[in-house]
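Asks: The structure that follows is given in the form of C-alpha cells.
Residue numbers (our numbering): 33 to 256.
Below, the structure written as C-alpha cells:
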C-alpha cells in the first residue's frame with residue numbers, strides 16, 4: 033500500500049488530499065511516516081486519527097456479517113380488476129400495515145417508499161418519495177402511501193394489483209435523530225405496540241386496522 037496515492041485511503045477526498053499534498057504527503061507511505069498528533073493538527077482530531085489508523089492498515093469499524101437488505105416489499109392482488117378508490121386505499125393500508133410490522137420485527141426503519149400500480153391493460157405506474165423522517169410505523173407509512181396514490185391522479189383506473197416497497201432501510205438503533213411525531217399520533221402508536229405483542233404471541237392476522245377488519249366482516253357476510 034505504501035506506494036499508492038493517499039486518495040485511495042478511506043475517507044480521503046479531494047480536499048483532504050490537497051491539504052496533505054501541501055505538506056508533501058502524496059502517498060500512503062508518506063502518511064505512515066507522520067505521527068498521529070501531526071495529522072490531527074493538519075486535519076482535526078477525528079480525521080487525523082482515522083487517517084493514521086487507515087494508513088497503518090487498521091480499521092476499527094465493526095463489520096456486520098448479516099447486512100441489512102436495501103428494501104422490502106409486499107403486494108396485494110385484487111380478486112378482480114378494481115375500480116373503487118376506497119378499495120385501493122384499503123389495500124394500501126393493508127400493505128403499509130404489513131411493511132410496518134415487518135420493519136418493527138426486524139428492527140429496521142425505512143427512509144423511502146415506492147408504490148407501483150398494475151392495471152388491467154398490463155400497464156403500470158410507479159411513484160417514489162423520500163420520507164421526511166425514516167420510520168417503521170404503520171400510520172406514517174400509510175400516510176405516505178396515500179400521498180403517492182393521490183399523486184397518480186387515477187380516474188376510474190382498473191387496478192389489478194398494488195405493490196408497496198420500503199426503501200433505503202437501515203437499523204432502527206442507528207437512526208441519526210429521534211422521530212418527531214404529532215401528538216395525534218400517540219394513540220395509534222400505543223395501539224400499534226400492543227398489537228405487535230399480540231401478533232408475536234398469536235400470529236400476524238390476529239390484529240388488524242379497523243378499516244380492514246370492517247371489510248373482512250362484510251366479505252364474510254357476503255356483502256360489499
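Beta carbons are placed, not taken as given, at the ideal position from N, Cα and C, and that holds for glycine.
Are there 16 or more other CB atoms within 10 angstroms of the CB of residue 118, so buried, or fewer, so exposed?
Replies: Label assigned to residue 118: exposed.
Asks: Quick one, are the C-beta atoms of residue 113 and residue 146 less than 7 Å apart?
Replies: Their beta carbons are not under 7 Å apart, which means residue 113 does not touch residue 146 by this criterion.
Asks: Less than 7 Å between the beta carbons of residue 184 and residue 157, yes or no?
Replies: Cβ distance < 7 Å, so residue 184 and residue 157 count as in contact.
Asks: How far does the beta strand (DSSP E) with residue 199 in it reach, from first residue to last?
Replies: First-last of the beta strand (DSSP E) with residue 199: 191-203.
Asks: In chain order, what residues of the same chain lie with their CB nearer than 7 Å to the CB of residue 108, ignoring the 5 residues before and after it?
Replies: Closer than 7 Å at Cβ, skipping near neighbours: 123, 126, 127, 193, 194.
Asks: Taking the DSSP output, what are the residues bridged to residue 144?
Replies: In the DSSP output, where bridge partners are listed per residue, residue 144 has 162, 199.
Asks: Going by CA-CA distance only, name the one from 140, 160, 138 that's closest to residue 148.
Replies: Residue 148 has its Cα closest to that of 160, out of 140, 160, 138.
Asks: Taking the C-alpha atoms as reference points, what is the distance between residue 175 and residue 120?
Replies: C-alpha separation (whole angstroms): 14 Å.
Asks: In the DSSP assignment, what are the bridge partners of residue 109?
Replies: Note: residue 109 sits in a beta bridge opposite 193.
Asks: For residue 77 and residue 35, what's the separation of their Cα atoms in angstroms?
Replies: Their backbone Cα atoms lie some 25 Å apart in a straight line.
Asks: Work out the CA separation of residue 41 and residue 67 for me, nearest whole Å.
Replies: Each residue's alpha carbon lies about 17 Å from the other.
Asks: Measuring only the C-alpha atoms, how far is residue 38 from residue 197?
Replies: Going by the C-alpha atoms only, they are around 40 Å apart.
Asks: Which of the three DSSP states is assigned to residue 183 in this structure?
Replies: In this structure, residue 183 counts as helix in the three-state DSSP scheme.
Asks: Return the Cβ separation of residue 143 and residue 162 in integer angstroms, given the expectation that the two are a contact with Cβ distance under 8 Å.
Replies: Rounded, the Cβ-Cβ distance is 6 Å, consistent with contact.
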